[in-house]
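Right, one structure below, let's go through it.
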Amino acid sequence: MRTLFLKVWLALLLAGSAGHPAAAQAPAEPPFTLECRSGARVGGDKQQFCEVRDLAMPVPVGQPLLIHGATSSTTVRGWDGPDVRIKVLIQSGGRTQEEARTRVQAVAVTAAGNTLRAVLPDLDVERLVRYEVFVPRQTALVVSATTGNLRFEN
37 MRTLFLKVWL ALLLAGSAGH PAAAQAPAEP PFTLECRSGA RVGGDKQQFC
87 EVRDLAMPVP VGQPLLIHGA TSSTTVRGWD GPDVRIKVLI QSGGRTQEEA
137 RTRVQAVAVT AAGNTLRAVL PDLDVERLVR YEVFVPRQTA LVVSATTGNL
187 RFEN
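Structure, rendered in structure tokens:
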């Protein structure tokens, strides 16, 4: 299993929004795209279960936001909101629907302090964990993942 460790310090500038009337309005909800799709499969098991969890956390003050533990892909997007918004997709398979559901629900995802982390209790069970994270544009980041793609936008 390859290990991918990437430190990313994002300092994106808010371009041209200071004098724009929309800048004074409260930001809309971030445009999340992460969702469970029928037909998506994890492992060779016949029964699949997928769950999307919504999380939010304040922007860390004086330290970077640490994002750990996605096993598939992580997408981080800059946005104009005041906090960090997160969707986590977790999917697994099993011999039965209940076994697949139990495997998904055993994944602990925490967003506390300056850290977003997914903890998989049994590393022998194949699970897919994807993050879609919206962060205020000038947030410093440190992102680590064991597998999968890292994508940064805005």
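Residue numbering for the sequence shown follows my numbering, beginning at 37 and increasing consecutively. Backbone N, C-alpha and C fix where the C-beta goes; we use that ideal spot for every residue, glycine too.
Kindly indicate the opening and closing residues of the alpha helix (DSSP H) around residue i.
i: Val-95; result: Neither: Val-95 is in no alpha helix (DSSP H) and is coded neither H nor E.
i: Gln-141; result: 133 to 141
Please go through the same chain and pick out, in chain order, the residues whose beta-carbon is closer than 7 Å to the beta-carbon of residue i, but skip the five residues on each side of it.
i: Leu-70; result: Val-88, Lys-123, Leu-125, Arg-166 and Glu-168
Using a Cβ-Cβ cutoff of less than 6 Å, which residues in the same chain neighbour residue i once the five nearest sequence positions on both sides are dropped?
i: Phe-188; result: Val-112
i: Val-155; result: Ala-144
i: Val-140; result: Phe-85, Glu-87, Ile-126 and Ser-128
i: Trp-115; result: Pro-66 and Phe-170
i: Arg-153; result: His-104, Gly-105 and Thr-146
Give the range of the beta strand (DSSP E) segment to which residue i is assigned.
i: Val-78; result: Element bounds for Val-78: n/a, residue is neither H nor E.
i: Val-155; result: 151 to 155
i: Gly-130; result: 119 to 130
i: Asn-190; result: Where Asn-190 is concerned, there is no enclosing beta strand (DSSP E), given that its DSSP letter is neither H nor E.
i: Leu-70; result: Counting along the chain, Leu-70 falls outside any beta strand (DSSP E), and DSSP gives it neither H nor E.
i: Ser-180; result: 177 to 181
i: Thr-106; result: Looking at the sequence itself, residue 106 is Ala, so the reference to Thr does not match. Where Ala-106 is concerned, the enclosing beta strand (DSSP E) stretches over 101 to 106.
So, is residue i buried or exposed, given that buried needs 16 or more other C-beta atoms within 10 angstroms?
i: Leu-164; result: buried
i: Asn-185; result: exposed
i: Ala-147; result: buried
i: Cys-86; result: buried
i: Thr-183; result: exposed
i: Arg-121; result: buried
i: Gly-75; result: exposed
i: Val-171; result: buried
i: Leu-159; result: exposed
i: Ala-92; result: exposed
i: Ala-64; result: exposed
i: Asn-150; result: buried
i: Val-97; result: exposed
When DSSP builds the beta bridges, which residues end up paired with residue i?
i: Glu-162; result: Looking at the DSSP assignment, Glu-162 forms no beta bridge with any residue, so it has no partner.
i: Gly-114; result: Val-171
i: Ala-144; result: Val-155
Can you list, in chain order, the residues of its chain whose CB lies under 8 Å from that of residue i, leaving out five sequence neighbours each side?
i: Lys-82; result: Gly-129 and Arg-131
i: Ala-58; result: For Ala-58, the predicted structure reports a pLDDT of 46, less than 50, and the residue's modelled location is therefore unreliable. A value from the coordinates is still provided. Nothing meets the Cβ criterion.
i: Pro-67; result: none
i: Asp-119; result: Ala-92, Met-93, Pro-94, Val-95 and Pro-172
Is any heavy atom of the ligand PLP found at a distance shorter than 7 Å from the C-beta of residue i?
i: Cys-72; result: With respect to small molecules bound, the structure shown includes none, and the ligand PLP cannot be examined in it.
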